[in-house]
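J.: 1 is the number of the first residue of the sequence shown in this note's numbering; add one for each residue after it.
We treat Cβ as the ideally placed atom computed from N, Cα and C, and that holds for glycine.
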Amino acid sequence: MFDHLNVVAASVFVFFFALVTVLGFVAARWKSGDLNHITEWGLGGRRFGKWVTWFLLGGDLYTAYTVIAIPAVVYAIGAYGFFAVPYTIIIYPFLYLTLPRLWAVSHKHGYLTASDFVLGRYGDRWLELAVALTGILATMPYIALQLVGLEKVIGALGITGEGWLQHLPITIAFVVLALFTYKSGLRAPALIAFVKDAMIYIFIVAAVVIIPYQLGGFGRIFDAAQAAYAAKLAAKTVPAAGVTLLPGQIGPYITLAIGSAMALFMYPHALTGTLAASSGRAIRQNTMMLPAYSFVLGLIALLGVMAIAAGIKVKNPQDAVPQLVLWAFPDWFAGFCLAAIALGALVPAAVMSIGAANTFTRNVWKPFIHPQMTSQEESFLAKLVSLIVKIGALLVIFFMPTQFALDLQLLGGVWMVQIFPAMILGLYTRWFSGPALLIGWAVGMVVGTASAWGEKAWTPVHALKWDIPLVGTIDSGLGFAAYNGLTAVLANVVVAFLLSLLIRPNAPDETSPTDYEDSVLA
Numbered sequence: 001m002f003d004h005l006n007v008v009a010a011s012v013f014v015f016f017f018a019l020v021t022v023l024g025f026v027a028a029r030w031k032s033g034d035l036n037h038i039t040e041w042g043l044g045g046r047r048f049g050k051w052v053t054w055f056l057l058g059g060d061l062y063t064a065y066t067v068i069a070i071p072a073v074v075y076a077i078g079a080y081g082f083f084a085v086p087y088t089i090i091i092y093p094f095l096y097l098t099l100p101r102l103w104a105v106s107h108k109h110g111y112l113t114a115s116d117f118v119l120g121r122y123g124d125r126w127l128e129l130a131v132a133l134t135g136i137l138a139t140m141p142y143i144a145l146q147l148v149g150l151e152k153v154i155g156a157l158g159i160t161g162e163g164w165l166q167h168l169p170i171t172i173a174f175v176v177l178a179l180f181t182y183k184s185g186l187r188a189p190a191l192i193a194f195v196k197d198a199m200i201y202i203f204i205v206a207a208v209v210i211i212p213y214q215l216g217g218f219g220r221i222f223d224a225a226q227a228a229y230a231a232k233l234a235a236k237t238v239p240a241a242g243v244t245l246l247p248g249q250i251g252p253y254i255t256l257a258i259g260s261a262m263a264l265f266m267y268p269h270a271l272t273g274t275l276a277a278s279s280g281r282a283i284r285q286n287t288m289m290l291p292a293y294s295f296v297l298g299l300i301a302l303l304g305v306m307a308i309a310a311g312i313k314v315k316n317p318q319d320a321v322p323q324l325v326l327w328a329f330p331d332w333f334a335g336f337c338l339a340a341i342a343l344g345a346l347v348p349a350a351v352m353s354i355g356a357a358n359t360f361t362r363n364v365w366k367p368f369i370h371p372q373m374t375s376q377e378e379s380f381l382a383k384l385v386s387l388i389v390k391i392g393a394l395l396v397i398f399f400m401p402t403q404f405a406l407d408l409q410l411l412g413g414v415w416m417v418q419i420f421p422a423m424i425l426g427l428y429t430r431w432f433s434g435p436a437l438l439i440g441w442a443v444g445m446v447v448g449t450a451s452a453w454g455e456k457a458w459t460p461v462h463a464l465k466w467d468i469p470l471v472g473t474i475d476s477g478l479g480f481a482a483y484n485g486l487t488a489v490l491a492n493v494v495v496a497f498l499l500s501l502l503i504r505p506n507a508p509d510e511t512s513p514t515d516y517e518d519s520v521l522a
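1. What does DSSP give as the partner residue(s) for Phe48 in the beta ladder?
2. Looking only at its chain, what residues have a beta carbon closer than 7 Å to the beta carbon of Val153, apart from the 5 residues adjacent to it on each side?
3. Please report the distance separating the alpha-carbon of Val417 from that of Phe82.
4. Count Cβ pairs between the stretch 314-333 and the stretch 350-358 that sit closer than 8 Å; are there 3 or more?
5. In angstroms, rounded to a whole number, what distance separates the CA positions of Ala231 and Thr244?
6. Return the first residue and the last residue of the alpha helix (DSSP H) that Lys196 is part of.
7. Please classify Val238 as buried or exposed, where buried requires at least 16 neighbouring CB atoms within 10 angstroms.
8. Would you tell me roughly how many angstroms separate the C-alpha atoms of Thr71 and Arg46, rounded to the nearest one?
9. Would you check if there are 3 or more beta carbon pairs closer than 8 Å linking the stretch 480-500 to the stretch 437-451?
10. According to DSSP, which residues form a beta bridge with Ala78?
11. I need the straight-line Cα distance from Ile159 to Ala382, nearest angstrom please.
12. Can you find the residues in the same chain that come closer than 7 Å, C-beta to C-beta, to Ala320, ignoring five residues on each side of it along the sequence?
13. What is the rounded straight-line gap between the Cα of Leu150 and the Cα of Ala301?
14. Which first and last residues belong to the alpha helix (DSSP H) in which Pro421 is found?
15. Go ahead and label Ser512 buried or exposed: buried means 16 or more other beta carbons lie within 10 angstroms of its beta carbon, across all protein chains shown.
16. Quick test of the definition: if touching needs 3 or more C-beta pairs under 8 Å, does the stretch 206-220 touch the stretch 30-50?
17. Could you check the C-alpha separation between Leu438 and Pro421 for me, to the nearest Å?
18. Could you give the DSSP three-state label for Pro247: helix, strand or coil?
19. Would you mind reading off the limits of the alpha helix (DSSP H) that contains Tyr182?
20. By how many angstroms is the C-alpha of Thr134 removed from the C-alpha of Leu267?
21. So, do the stretch 277-286 and the stretch 114-132 have three or more beta carbon pairs nearer to each other than 8 Å?
22. Between Ser500 and the rest of its own chain, which residues show a CB-CB distance below 6 Å, the 5 nearest in sequence each way excluded?
23. Can you tell me the Cα-Cα spacing of Gly185 and Gly110, whole angstroms?
24. Quick one: give me the first and last residue of the alpha helix (DSSP H) that Asp331 is part of.
25. Mind the definition here: the stretch 103-117 touches the stretch 130-147 only if three or more C-beta pairs lie below 8 Å; say whether that holds.
26. Express the C-alpha separation of Ser260 and Val554 in angstroms, rounding to a whole number.
27. Quick check on Asp509: buried or exposed, where buried means 16 or more other Cβ atoms within 10 Å of its Cβ?
28. Under a three-way DSSP split, which group does Glu510 fall into?
29. Leaving out the 5 sequence neighbours to the left and right, which residues in its chain are closer than 7 Å to Val524 when beta-carbon positions are compared?
30. Along the chain, where does the alpha helix (DSSP H) containing Arg504 start, and where does it finish?
31. Measure the alpha-carbon distance for Leu99 versus Leu56 and round it to whole angstroms.
32. Please report the distance separating the alpha-carbon of Asn6 from that of Thr39.
33. May I ask which residues mark the beginning and end of the alpha helix (DSSP H) holding Thr134?
34. Select from Ser278, Ala349 and Pro348 the residue whose C-alpha is nearest the C-alpha of Ser106.
35. If you draw a straight line from the alpha carbon of Leu271 to that of Ala482, how long is it in whole angstroms?
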């Protein structure tokens, strides 16, 4: 298991892993407040200012998905992997308008989750349950993606195994994660995020300066990458690849960027970081500053073409970045970079498990099983569920087939975007009815899940085509592949709209217009 261990890199890696483990437990004393209350454990008492919120949101949105999965797609097929850059850009102006409204109404009524808001707005317990279960379901593959990144990093250090030993290191890492998350709640990832983000920035700046210098500049890098993509196309090992998009990739690229943007802040962990902010002003300031992460994301994606130019040969594209790090840097700095990537898995995994645990406790167990739960009982159950969620994520990575680790996140997005109509439309209007939105959600879930299942793996892109004949024509149509999540949510909205014409709202709305307008001055 340790036959090929890189002792220097592994030692540096272990040092930083131990450091954040200590920080994770120390975080329990970071701020005042009783962690036996779910608001303190699961939302940090809603006292995180703009800087803590910035690092926390960046920490749980820019993850191992960013550093491992995105460059892996670029390594394999090229420009298509850059779809993550535009979607993280277009989402922030939208969030500037919407999230302060959600924060204001949540602060006013004590909402901790998206499902809390949906119940208050529409008065429909079954829609509340649907939103809650969707968030928990979609979080599992997203946490599993963090496991993929962590496993690739550990493998690059030379720690390998067969059978159950293959997953032993990440299991141990997640046990440690589970313990300090149980102890400190949201404070742990919030504190660790400062260290994680600083390390990621150091790693990326070093990579985009040193590696191109070693390879003779970006011109040579892109020439080498284009030659490699052309060879793959000639050998027919990939359907499309290149340093620029091919015509058949444009439709999927656009729809994937739009659909992913719509899904991003529907996740429980993203809303957890948002609702933990101290004010609507802190959220608006963050939506203006977070595009800095998008710039870094573009640089990270370039690691995929750098790996090609460096001659990195791997069977699994997810190994490209760890192997590039080992190729480019001395062992001590390689250990630092690999530790940064690992923290990019641990921090979001902690927030994700907390978000899912809050949702299960508040919107599944309490309303349907034990309505008389005390705040202390809510906190205890949330801590317990956060452990179970991590176990579920381990099972996902053990048994779910995927061609790329990115598929895990995109699959979660197919499901998560289905709550977009209830959440975002609900921030501005009560015209839609709860039952209509529930049926629309069900249609979207069925369409999205069915279209994502292929013969060999989950394939959230390319599985369904918008090939709709145009009026007055015979053979013509839109005719391009689309992201299944966007296709499904369009069906969702159409069904919800039509049914809302027939089923008018009759349940009480506990919110009022001023609850949302207050956010303007927050």
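T.: Taking the coordinates as given:
1. Position 48 of the sequence shown holds residue 48. Answer by DSSP bridge pairing, in chain order: Ala277.
2. By one-based count along the sequence shown, residue 153 stands at place 153. Within the same chain, Val153 has close Cβ partners Pro322, Leu338, Ile341 and Ala342.
3. Looking up residue 417 in the sequence shown gives position 417. Looking up residue 82 in the sequence shown gives position 82. In a straight line, the C-alpha of Val417 is about 20 Å away from that of Phe82.
4. Verdict: no, contact absent.
5. Walking along the sequence shown from the start, residue 231 turns up at place 231. Walking along the sequence shown from the start, residue 244 turns up at place 244. About 15 Å.
6. Within the sequence shown, numbered from 1, the residue matching residue 196 stands at position 196. DSSP places Lys196 in the uninterrupted alpha helix (DSSP H) bounded by Arg187 to Leu215.
7. Stepping through the sequence shown from its first residue, residue 238 is reached at position 238. Classification of Val238: exposed, given that the 10 Å Cβ count is below 16.
8. Position 71 of the sequence shown, counting from 1, holds the residue named residue 71. Position 46 of the sequence shown, counting from 1, holds the residue named residue 46. Looking at the sequence provided, one finds Pro at residue 71 rather than Thr. Going by the C-alpha atoms only, they are around 35 Å apart.
9. yes
10. Here residue 78 is taken as the residue at index 78 of the sequence shown, counted from 1. Contrary to the premise, residue 78 reads as Gly rather than Ala in this sequence. According to DSSP, Gly78 bridges with Gly242.
11. Working through the sequence shown from its first residue, we reach residue 159 at position 159. Working through the sequence shown from its first residue, we reach residue 382 at position 382. Their backbone Cα atoms lie some 33 Å apart in a straight line.
12. For the purposes of this step, residue 320 is taken as residue 320 along the sequence shown, with counting starting at 1. Here the set comprises Pro71, Ala72, Tyr75, Gly304, Ala307, Ile312 and Val314.
13. One-based indexing of the sequence shown puts residue 150 at position 150. One-based indexing of the sequence shown puts residue 301 at position 301. So the two alpha carbons sit approximately 18 Å from each other.
14. Here residue 421 corresponds to residue number 421 of the sequence shown, with the count starting at 1. Unbroken alpha helix (DSSP H) run through Pro421: Phe420 to Ile424.
15. On the sequence shown, residue 512 is found 512 positions in, with the first residue counted as 1. So Ser512 counts as exposed.
16. no
17. Position 438 of the sequence shown, counted from the first residue, corresponds to residue 438. Position 421 of the sequence shown, counted from the first residue, corresponds to residue 421. Cα-Cα distance, rounded: 10 Å.
18. Residue 247 sits at position 247 when you count from the first residue of the sequence shown. In the displayed model, Pro247 falls within a helix according to three-state DSSP.
19. Mapped onto the sequence shown, residue 182 falls at position 182. Counting along the chain, the alpha helix (DSSP H) containing Tyr182 begins and ends at Leu168 to Ser184.
20. Residue mapping note: residue 267 aligns to position 267 of the sequence shown, counting from 1. Residue mapping note: residue 134 aligns to position 134 of the sequence shown, counting from 1. Per the sequence presented here, residue 267 reads as Tyr, with Leu not at that position. Distance between the alpha carbons of Tyr267 and Thr134 is about 9 Å.
21. no
22. Residue 500 sits at position 500 when you count from the first residue of the sequence shown. The residues are Phe432, Ser433 and Ala436.
23. For the purposes of this step, residue 185 is taken as the residue at position 185 of the sequence shown. For the purposes of this step, residue 110 is taken as the residue at position 110 of the sequence shown. The straight-line gap from Cα to Cα measures roughly 18 Å.
24. Residue mapping note: residue 331 aligns to position 331 of the sequence shown, counting from 1. Asp331 -> alpha helix (DSSP H) spans Asp331 to Phe360.
25. yes
26. The displayed coordinates of the chain run from 1 to 522. Any statement about residue 554 would go beyond what the structure contains.
27. For the purposes of this step, residue 509 is taken as the residue at position 509 of the sequence shown. Result: exposed.
28. Translated into the one-based positions of the sequence shown, residue 510 becomes position 510. Coil.
29. Since the first residue shown for the chain is 1 and the last is 522, residue 524 is missing from the structure and cannot be characterised.
30. Here residue 504 refers to the residue found at position 504 of the sequence shown. Run containing Arg504: none; DSSP gives neither H nor E here.
31. Mapped onto the sequence shown, residue 99 falls at position 99. Mapped onto the sequence shown, residue 56 falls at position 56. Approximately 16 Å between the Cα atoms of the pair.
32. Within the sequence shown, numbered from 1, the residue matching residue 6 stands at position 6. Within the sequence shown, numbered from 1, the residue matching residue 39 stands at position 39. Those two C-alpha atoms are separated by around 43 Å.
33. Counting from one through the sequence shown, the residue named residue 134 turns up at place 134. Thr134 -> alpha helix (DSSP H) spans Arg125 to Ala156.
34. For the purposes of this step, residue 106 is taken as residue 106 along the sequence shown, with counting starting at 1. Residue Ser278 is the option with its Cα nearest to Ser106.
35. Within the sequence shown, numbered from 1, the residue matching residue 271 stands at position 271. Within the sequence shown, numbered from 1, the residue matching residue 482 stands at position 482. Taking the straight line joining both Cα atoms gives about 27 Å.
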